[in-house]
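Residue numbers (our numbering): 117 to 318.
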């Protein structure tokens, strides 16, 4: 009986630390990412833009956290032609930019090798179309308007403090008045974003 108790106690001493380690999770996570944004502007018929972003995550539990993300993307559009009413415009190459600032809940499933996550982020975005050459003399800067990102991704853990994020995919919705270069129409954009980078955990 005593031997059985000793064996059972030894097993508990081994299992309890393992369970405690399994329940460990980082309180804070900081990410830096490169991004590709397929930006939905009707007149441009979709624009592929490149940029970067940073994020901060506070984990309330092993499975639930609060995230804040800022990102920017840049591209060049045109030249192209569009018609407004009976007037035709020839537009030269334009500088295109999108900035987003988003916050919201993130749900994570954590294992030792990988972390899989999904989120719904709400916030605001602002857009820019600018004729840097000056031949068309067009400049459009929108106000910060409502934006939302729904998506998720995968982290590959390289240790207790670092992870590689090979993929984060988001559907990005935003109110936008860039659907018309003349500014005569309000609308919205439905874009898709891919990000990859690294994560530091504390």
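All residues carry an ideal CB built from backbone N, CA and C; glycine is no exception. Just so we're clear, the structure is a prediction, and the values are computed from it rather than from any experiment.
Taking the straight line between their C-alpha atoms, what separation do you get for residue 246 and residue 211? 5 Å
_Here's the rule: buried if 16 or more other CB atoms are within 10 angstroms of the residue's CB, otherwise exposed. What is residue 283?_
exposed
Work out the CA separation of residue 241 and residue 261 for me, nearest whole Å. 5 Å
| request: Taking residue 286 as the reference, give the member of 278, 218 and 179 with the closest Cα. | output: 218
Exposed or buried, which one is residue 306 when buried takes at least 16 other CB atoms within 10 Å? exposed
Cβ-based burial, residue 216 [other Cβ within 10 Å; buried from 16] = buried
Pairwise C-alpha distance: residue 164 and residue 280: 24 Å
Problem set entry | Sub-9 Å separation of residue 147 and residue 313 beta-carbons | yes
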